[in-house]
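I have placed the structure first, in the form of structure tokens, so that the comments after it can refer back to it.
In the numbering used here, the protein residues as written are 415 to 980.
Put into structure tokens, the structure is as follows:
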């Protein structure tokens with residue numbers, strides 16, 4: 415949090431000065447009351463009239479100061495909250511795929527919404543209240559000492575008793591606030607899960623069960639939050655009872671001094687007023703300090719995401735792909751001693767076409783994720799033109815590759831943004847990509863343009879149309895390596911065949927296709943078929959070479975074709 419305050423130190427300074435002026439103006443009201451009441455009780459009309467005019471000027475100035483303080487405070491909070499949300503987002507974006515997958519996406523949403531909001535309400539706003547009330551306390555103390563040292567000493571005795579309250583409730587409130595944050599994250603996850611499964615819920619008549627799941631999660635959140643609020647209410651009530659007792663103590667002591675003519679009535683009113691504004695800041699500071707401590711775990715959670723700095727790139731060379739990509743003894747495990755890939759040795763030559771086939775779970779997608787630097791921490795070597803990818807710029811590898819995934823995702827923007835992804839391409843390049851992917855079959859760029867809105871994850875397009883849009887996204891980049899990871903799975907057989915054939919016909923385009931569609935005509939057009947099983951390359955070579963009765967690839971194809979016929 416110190417980082418954000420330092421980033422806005424100019425605004426913090428101005429807010430502090432205005433907070434001091436605001437606090438001073440609040441404390442000075444007591445002196446105005448003293449002068450007015452003493453003038454009235456003494457029958458001094460001239461002083462009374464002067465004080466009336468002075469009060470008008472004073473309150474106009476006080477109103478302006480308090481407005482400016484509030485405005486600067488809100489501006490400071492706005493800047494800090496904006497920076498926090500931006501830093502959390504950047505922190506998430508700096509994660510690699512493995513780190514990102516360690517948490518549910520809803521937990522990231524909860525941090526950027528629920529937790530940041532809790533920090534705003536329970537730390538930043540209380541911080542400004544504490545700042546202003548600290549100045550009120552100091553100025554009230556100075557004036558009280560001049561009016562009655564005895565009463566001031568009595569007030570300090572009461573303050574010692576009041577200071578015990580934060581110590582009693584600080585840790586329990588912090589624990590309950592942390593539990594509330596956890597429940598809020600779980601509630602966000604559950605809500606996201608249910609809304610994402612809307613079609614399944616409706617199609618399988620799960621409304622009742624889904625409502626029960628939602629209510630259970632909602633109830634847990636409400637109960638946890640109420641448990642925090644109950645303890646906070648006890649803290650606030652106890653503080654206020656002690657404060658009221660303190661005010662009555664001052665009234666009794668002051669009244670005793672008035673009865674013995676040791677103090678004027680105006681001074682008594684001023685002291686009572688000062689006691690109120692002396693005690694109130696203490697109560698506010700205690701209550702808000704407890705609140706601020708309670709969000710400590712949330713601040714730590716935000717800082718955990720934001721402290722991860724961009725990895726040092728000590729002039730790492732840019733990768734190239736003008737010759738070949740080589741895998742040497744490539745081994746990878748998601749869990750220790752459970753290898754997903756074992757001793758993979760392959761060569762992918764520039765401009766050639768490769769089909770990777772095999773049963774589900776054989777490691778096909780994992781191998782592709784390693785080749786494209788999506789996954790790391792492997793054993794063995796992956797070489798781009800004899801450069802090990804551990805020693806080259808990994809972002810540069812992403813520039814060499816375009817991947818068409820099986821699970822497509824469209825942003826809630828426009829067709830243009832979803833194809834071009836904020837980069838600039840000529841109309842000719844857009845048309846070529848749309849034609850090659852089949853997007854031009856349902857969107858005419860000359861008639862409608864590409865500013866057609868896309869709803870949430872492309873809900874206004876069919877599955878096949880969405881996959882074509884994603885294909886256009888990959889083709890328009892003209893990357894030297896194109897990866898088709900089940901990228902035609904949502905297309906009908908005829909269209910999928912034609913799209914894959916069109917990709918095979920692109921000259922000098924290196925293509926790696928992961929597929930379960932074992933069409934002999936298509937497979938025979940690939941330069942090499944890589945058949946994987948149990949994390950190993952079992953067969954590799956041209957279709958005619960490995961499609962032999964004794965090969966595992968031959969047996970696999972026959973089984974798959976028999977299943978299709980059934």
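In this text, a Cβ means the ideal position worked out from N, Cα and C, and glycines have one as well.
Bear in mind that the values here come from a model prediction, so they are computed numbers and not experimental data.
{"Check": "DSSP-derived helix/strand/coil call for residue 905", "Outcome": "coil"}
{"Check": "Three-pair Cβ contact test at 8 Å for the region 884-898 versus the region 916-932", "Outcome": "yes"}
{"Check": "Reduced DSSP secondary structure (H/G/I, E/B, other) of residue 830", "Outcome": "helix"}
{"Check": "Bounding residues of the alpha helix (DSSP H) (the contiguous stretch that carries residue 763)", "Outcome": "Segment 752-763 is the beta strand (DSSP E) holding residue 763; no alpha helix (DSSP H) there."}
{"Check": "Segments of 4+ residues assigned as alpha helix (DSSP H) that fall wholly inside the region 595-624", "Outcome": "612-617"}
{"Check": "Cut-off 7 Å between Cβ atoms - residues of its own chain near residue 931, not counting five sequence neighbours on either side", "Outcome": "910"}
{"Check": "Unbroken alpha helix (DSSP H) run spanning residue 925, endpoints", "Outcome": "Where residue 925 is concerned, there is no enclosing alpha helix (DSSP H), although the beta strand (DSSP E) it sits in stretches over 924-928."}
{"Check": "beta-carbon residue 845 near the ligand FMN non-hydrogen atom, thresh 7 Å", "Outcome": "As for the ligand FMN, it is missing from this structure, which has no ligand bound."}
{"Check": "Residue 704 beta carbon less than 8 Å from that of residue 751", "Outcome": "no"}
{"Check": "Sufficient close CB pairs (3 or more, under 8 Å) joining the region 557-567 to the region 675-686", "Outcome": "yes"}
{"Check": "For residue 481, the nearest candidate out of 521, 466, 436 (CA to CA)", "Outcome": "436"}
{"Check": "Distance, residue 445 Cα to residue 485 Cα", "Outcome": "27 Å"}
{"Check": "Same chain, Cβ closer than 6 Å to residue 583, neighbours up to 5 away in sequence not counted", "Outcome": "649, 704"}
{"Check": "DSSP beta-bridge partners of residue 946", "Outcome": "951"}
{"Check": "Collapsed DSSP secondary structure at residue 724 in the structure displayed", "Outcome": "Residue placement at residue 724 is flagged as unreliable, the pLDDT there being 47, under the threshold of 50; a coordinate-derived value is accordingly withheld."}
{"Check": "Given residue 921 as reference, the closest of 764, 829, 946, 906 once Cα atoms are compared", "Outcome": "764"}
{"Check": "Range covered by the alpha helix (DSSP H) that runs through residue 497", "Outcome": "459-507"}
{"Check": "Helix, strand or coil at residue 783 according to DSSP, with G and I counted as helix", "Outcome": "helix"}
{"Check": "For residue 938, the nearest candidate out of 767, 529, 758, 843 (CA to CA)", "Outcome": "767"}
{"Check": "N- and C-terminal bounds of the beta strand (DSSP E) containing residue 768", "Outcome": "767-771"}
{"Check": "Range covered by the alpha helix (DSSP H) that runs through residue 872", "Outcome": "Premise fails: residue 872 is in no alpha helix (DSSP H) and is neither H nor E."}
{"Check": "Three-pair Cβ contact test at 8 Å for the region 524-531 versus the region 539-559", "Outcome": "no"}
{"Check": "Cut-off 7 Å between Cβ atoms - residues of its own chain near residue 440, not counting five sequence neighbours on either side", "Outcome": "550, 691"}
{"Check": "Nearest-angstrom Cα separation, counted from residue 661 out to residue 673", "Outcome": "18 Å"}
{"Check": "Distance, residue 591 Cα to residue 797 Cα", "Outcome": "50 Å"}
{"Check": "Cross-strand partners of residue 801 (DSSP beta bridge)", "Outcome": "798"}
{"Check": "Pair within 8 Å by beta-carbon distance, residue 754 and residue 780", "Outcome": "yes"}
{"Check": "Among 595, 965, 447, the one whose alpha carbon lies nearest that of residue 955", "Outcome": "965"}
{"Check": "Contact under 8 Å by Cβ, residue 813 with residue 824", "Outcome": "no"}
{"Check": "Residue 666 classed as buried or exposed, judged by whether at least 16 other C-beta atoms fall within 10 angstroms", "Outcome": "exposed"}
{"Check": "Simplified DSSP assignment, three categories, for residue 793", "Outcome": "strand"}
{"Check": "The region 499-512 in contact with the region 714-721 per 3-pair CB rule at 8 Å", "Outcome": "yes"}
{"Check": "Distance between beta carbons of residue 654 and residue 697, contact taken as under 8 Å", "Outcome": "7 Å"}
{"Check": "Exposure of residue 636, with buried meaning 16 or more beta-carbon neighbours within 10 Å", "Outcome": "exposed"}
{"Check": "Whole-Å CB distance - residue 533 paired with residue 713, under 8 Å assumed", "Outcome": "6 Å"}
{"Check": "Length of the line joining the Cα atoms of residue 530 and residue 426", "Outcome": "20 Å"}
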